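J.: Sending over a structure as structure tokens; questions will come in a sec.
Number of protein chains: 2
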Amino acid sequence: MTEKKQGKIRIHSQEKILLAAQDEFITNGYKGATVQSIADLAGLPKANVLYYFKNKENIYHAVLEQTLDMWDQGIGDIVYSDGPKVAIEKFVSSKVQMSFKNPKASKIYAMEIIQGAQHLKEFTRTYLRKWVREKSKIFQQWIDEERMLNVDPVNLIFLIWSTTQHYADFDNQILTVMNRADYEEEDIEHVTQFLTQFILRGLEIK
Amino acid sequence: MTEKKQGKIRIHSQEKILLAAQDEFITNGYKGATVQSIADLAGLPKANVLYYFKNKENIYHAVLEQTLDMWDQGIGDIVYSDGPKVAIEKFVSSKVQMSFKNPKASKIYAMEIIQGAQHLKEFTRTYLRKWVREKSKIFQQWIDEERMLNVDPVNLIFLIWSTTQHYADFDNQILTVMNRADYEEEDIEHVTQFLTQFILRGLEIK
DNA sequence: TTTTATCTTGTTTATTTGGTCAGGAATTTT
DNA sequence: AAAATTCCTGACCAAATAAACAAGATAAAA
Numbered sequence: 001m002t003e004k005k006q007g008k009i010r011i012h013s014q015e016k017i018l019l020a021a022q023d024e025f026i027t028n029g030y031k032g033a034t035v036q037s038i039a040d041l042a043g044l045p046k047a048n049v050l051y052y053f054k055n056k057e058n059i060y061h062a063v064l065e066q067t068l069d070m071w072d073q074g075i076g077d078i079v080y081s082d083g084p085k086v087a088i089e090k091f092v093s094s095k096v097q098m099s100f101k102n103p104k105a106s107k108i109y110a111m112e113i114i115q116g117a118q119h120l121k122e123f124t125r126t127y128l129r130k131w132v133r134e135k136s137k138i139f140q141q142w143i144d145e146e147r148m149l150n151v152d153p154v155n156l157i158f159l160i161w162s163t164t165q166h167y168a169d170f171d172n173q174i175l176t177v178m179n180r181a182d183y184e185e186e187d188i189e190h191v192t193q194f195l196t197q198f199i200l201r202g203l204e205i206k
Numbered sequence: 207m208t209e210k211k212q213g214k215i216r217i218h219s220q221e222k223i224l225l226a227a228q229d230e231f232i233t234n235g236y237k238g239a240t241v242q243s244i245a246d247l248a249g250l251p252k253a254n255v256l257y258y259f260k261n262k263e264n265i266y267h268a269v270l271e272q273t274l275d276m277w278d279q280g281i282g283d284i285v286y287s288d289g290p291k292v293a294i295e296k297f298v299s300s301k302v303q304m305s306f307k308n309p310k311a312s313k314i315y316a317m318e319i320i321q322g323a324q325h326l327k328e329f330t331r332t333y334l335r336k337w338v339r340e341k342s343k344i345f346q347q348w349i350d351e352e353r354m355l356n357v358d359p360v361n362l363i364f365l366i367w368s369t370t371q372h373y374a375d376f377d378n379q380i381l382t383v384m385n386r387a388d389y390e391e392e393d394i395e396h397v398t399q400f401l402t403q404f405i406l407r408g409l410e411i412k
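First to last, the protein sequences are chains A and B. Quick note: the first sequence, position 102, residue 102 per the working numbering, numbers continuous. Quick note: the second sequence, position 124, residue 330 per the working numbering, numbers continuous.
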């Protein structure tokens, strides 16, 4: 296993390529994306792009990997000791944060799933399924202890995912509908507030 | 304006083509889709497909139009006279119904928006923006009359959209995570129940 | 039946695309 | 400074692709 040494130039170019690739894959999908277009966006000759990643599939894998890493890191964990209120506050706010700060990662992921998760089947079947099982169990404990309302934990997780990611995946629609050019810093806080309050309220025991 | 007469064969072939095209556009995106592939899926020679729709763009437009029609028809309207409870019940249940019965339409739409709404800019800017304005106003009235909690109506609409559509757009993920092969009839009822109860609870005045 | 319009499809064309390669430039190692 | 390694890129190629076309088959209208 002879690893290529990673000089500064190499790393710098790779980053440019991955950024460009992310945009290209979002706008045109995996099959519609062209290496030429990625090269143009990165300001490099096509042959150079293919020097770093030997083919299109490789570029895409690298982009996906980046995306999953981000999900892994950025996500606030749900732990039993926090209790339902704090756990949900943490989780929602970290997901909203991610959606606003890095909508592109969310979009890549969304497209991949919509199109049939052809490159992510394994991730969903193993990692994600396990994650949902574990977190559901925690919610169920809180329910059993009557610290939150008895709702289906799995659907609750889906609700949190969908509402938070929506601001990333559909940013175009949201901004157009609200007649705005871009999100602003205060939107993050506003949406976080709205969602946490709404969700916590939906789980309160009267 | 000489319209081509629409014989039975024509309509039948056109339908087959549109169904095939929908699948192809979902799996490969607009740019990645090929006319050949659509033809194969439809069981027709490529030249025949291009006889009915003179080019790829035309096929896509037809698919999009179908999608928007469905949105227009299938959506339960929100009317003031219903009051918040009934209105939300109607709206959520019609959207869930649509998501489960026709996930493909939802996916086509979602992909369009994620990719920058290149073919739907006008729809979002005019129709959708107006729709949100009108419905927000109705929610605001109910809020002013203290018939529901004071939450931001626009974000409330986004919340309903995202949670309901999630079951269509991310069906792959949901099914995999839940270790199931397909949705079943009772899932519709279950999800509708979950969402309406959760949302209404989040809007109740204590 | 004759004529006209609609439908069908094999073939062809021009362009785009993923990927290779050879050879040279720049950098690092010895 | 010599050698080795890494980096860069124009030119090239085979395959795929959107679309046009021509010529025949079928059905409808006269």
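Cβ atoms here follow ideal geometry from the backbone N, Cα and C, with glycine treated the same way. Fair warning: this is a prediction, and the values are worked out from it, not measured in the lab.
(1) Helix, strand or coil for residue 16(A), going by three-state DSSP, please let me know.
(2) If we cut at 7 angstroms on Cβ distances, does residue 407(B) have a partner in chain A?
(3) First and last residue of the alpha helix (DSSP H) that includes residue 322(B)?
(4) Starting from the Cα of residue 157(A), find the closest Cα among 114(A), 140(A), 38(A), 21(A) and give me that residue.
(5) Could you work out which residues of chain B lie near residue 225(A), taking near to mean beta carbons separated by less than 9 angstroms?
(6) Can you name, in chain order, every residue of its own chain whose Cβ lies under 8 angstroms from the Cβ of residue 75(A), other than the five neighbours on each side?
(7) Given a cut-off of 7 angstroms on the beta-carbon distance, is the pair residue 49(A) and residue 17(A) in contact?
(8) To be precise: take each residue of the stretch 114-145 of chain A, compare its Cβ to all Cβ atoms of chain B, and keep it if any distance is under 9 angstroms. Which residues remain?
(9) In three-state terms, what does DSSP make of residue 28(A)?
(10) Label residue 22(A) either buried or exposed according to how many other C-beta atoms from any shown protein chain fall within 10 Å of its C-beta, with 16 as the threshold for buried.
(11) Can you tell me the Cα-Cα spacing of residue 266(B) and residue 236(B), whole angstroms?
(12) In this structure, how does DSSP classify residue 384(B) when only helix, strand and coil are distinguished?
(13) Counting C-beta neighbours from all protein chains within 10 Å, is the total for residue 173(A) 16 or more, i.e. buried, or is it exposed?
(14) Residue 107(A) and residue 349(B): beta carbons closer than 7 angstroms?
(15) Taking the beta carbon of residue 184(A) as the centre, do at least 16 other beta carbons fall within 10 Å, making it buried, or is it exposed?
(16) Note down, in chain order, every chain A residue with its Cβ under 9 angstroms from the Cβ of residue 382(B).
(17) Chain B partners of residue 70(A), CB-CB under 9 angstroms?
(18) Compare the C-beta of residue 306(B) with all C-beta atoms of chain A and state if any pair is closer than 7 angstroms.
(19) So, is the C-beta of residue 110(A) closer than 7 angstroms to a C-beta in chain B?
(20) Just checking, does the stretch 149-164 of chain A make contact with the stretch 323-331 of chain B on the three C-beta pairs under 8 angstroms criterion?
T.: Taking the coordinates as given:
(1) Reduced to three states, the DSSP call for residue 16(A) is helix.
(2) By this cut-off, residue 407(B) is an interface position.
(3) Element bounds for residue 322(B): n/a, residue is neither H nor E.
(4) With distances taken between Cα atoms, residue 157(A) lies closest to 140(A).
(5) The requested residue 225(A) is not part of the displayed model; chain A covers only 1 to 206.
(6) The residues are 91, 94, 95, 98.
(7) A distance below 7 angstroms separates the beta carbons of residue 49(A) and residue 17(A).
(8) Against chain B - using a Cβ distance shorter than 9 angstroms - the residues of the stretch 114-145 of chain A are 114, 115, 116, 117, 118, 120, 121, 124, 125, 128, 129, 131, 132, 133.
(9) In the three-state reduction of the DSSP assignment, residue 28(A) falls in the helix class, which pools H, G and I.
(10) Of the other Cβ atoms in all chains shown, 16 or more fall within 10 Å of the Cβ of residue 22(A); this residue is therefore buried.
(11) So the two alpha carbons sit approximately 7 angstroms from each other.
(12) Note: residue 384(B) maps to coil in three-state DSSP.
(13) Residue environment analysis places residue 173(A) among the buried positions, since at least 16 neighbouring C-beta atoms fall within 10 angstroms of its C-beta.
(14) Taking 7 angstroms as the Cβ cut-off, residue 107(A) and residue 349(B) do not qualify as a contacting pair.
(15) It counts as exposed.
(16) Result: 117, 121, 124, 125, 128, 129.
(17) Those do not exist, as residue 70(A) stays about 17 angstroms from chain B at its closest Cβ, beyond 9 angstroms.
(18) With its beta carbon at least 7 angstroms from every one in chain A, residue 306(B) lies outside the interface.
(19) Cβ-Cβ to chain B under 7 angstroms: yes for residue 110(A).
(20) Contact between the stretch 149-164 of chain A and the stretch 323-331 of chain B is absent, with fewer than three C-beta pairs closer than 8 angstroms.
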